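Residue numbers (my numbering): 107 to 302.
Idealized CB from N, CA, C, for every residue including glycine.
Since this is a predicted model, take the numbers as computed values, not measurements.
What follows is a short report on a single structure.
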């Protein structure tokens, strides 16, 4: 499959993800019965994070259904970007990549909270403020991901590393971003993925 076909497929998936999340948010806002309000808030939060991830992913296009954009060099987390952000800068692309991952992590935590909520419903009790537990969790997750983005390695440092192993990424003039080592910032975010 050629690169243009992969790009088209990626943009098509992003379009449908954005469309269906917006439709679901509208349905939740307009059609939810009062008796399902608490659960609807959890679903609304999940749709919001999925929409945020889809928009960020559309801009960065670091993750594709067919080709992973992570450049496999041991001891590093280096990415190549192909999205519309590549017209701006590598740092801009990496910001939207970290926001995509941040949205995914928040969605996993919301799913866990929904399971707790359902367990309480089976016991015929309604936990107080469970629908808002994600707010402090999302704030911490967002802060960790912004910290990773802020401490990224300069593109000028990463290009020689990538060129020595995978010169095709540099030859295509794709923005190269990420970290040249597994720093404390990267390990802190990776620990979130271990929790999931």
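Comparing C-alpha distances from residue 287 to each of 265, 297, 258, 269 shows the shortest one belongs to 258.
Within the DSSP secondary-structure output, residue 184 pairs in a beta bridge with 177, 284. Residue environment analysis places residue 263 among the exposed positions, since fewer than 16 neighbouring C-beta atoms fall within 10 angstroms of its C-beta. Spanning the alpha carbons of residue 181 and residue 282 requires a straight line of approximately 16 Å. In the structure shown, residue 205 falls within a helical segment according to DSSP collapsed to helix, strand and coil.
Nearest C-alpha to residue 216 among 205, 243, 207: 243.
Note that the C-beta distance between residue 166 and residue 187 is below 8 Å. When the alpha-carbon of residue 155 is set against those of 209, 191, 138, the nearest one is in 209.
By alpha-carbon distance to residue 189, the top candidate from 157, 117, 260 is 117. By the 16-neighbour rule on beta-carbons within 10 angstroms, residue 162 is buried. Residue state for residue 193 is assigned as helix, using DSSP reduced to three classes.
Between residue 254 and residue 261, the alpha-carbon positions lie close to 15 Å from each other. Judged by beta-carbon spacing, residue 284 lies within the 8 Å limit of residue 184, meaning their Cβ atoms are closer than that value.
Sequence-distant Cβ neighbours of residue 272 in its own chain, meaning closer than 7 Å and more than five residues away, are 177. The C-beta distance from residue 164 to residue 120 rounds to 4 Å, short enough to meet the 8 Å contact threshold. With a threshold of 16 other beta carbon atoms within 10 Å, residue 122 falls short and is exposed.
Classified as exposed, residue 222 has fewer than 16 neighbouring CB atoms from the shown chains inside 10 Å of its CB. In this structure residue 133 is exposed. Its beta-carbon is surrounded by fewer than 16 other beta-carbon atoms within 10 angstroms.
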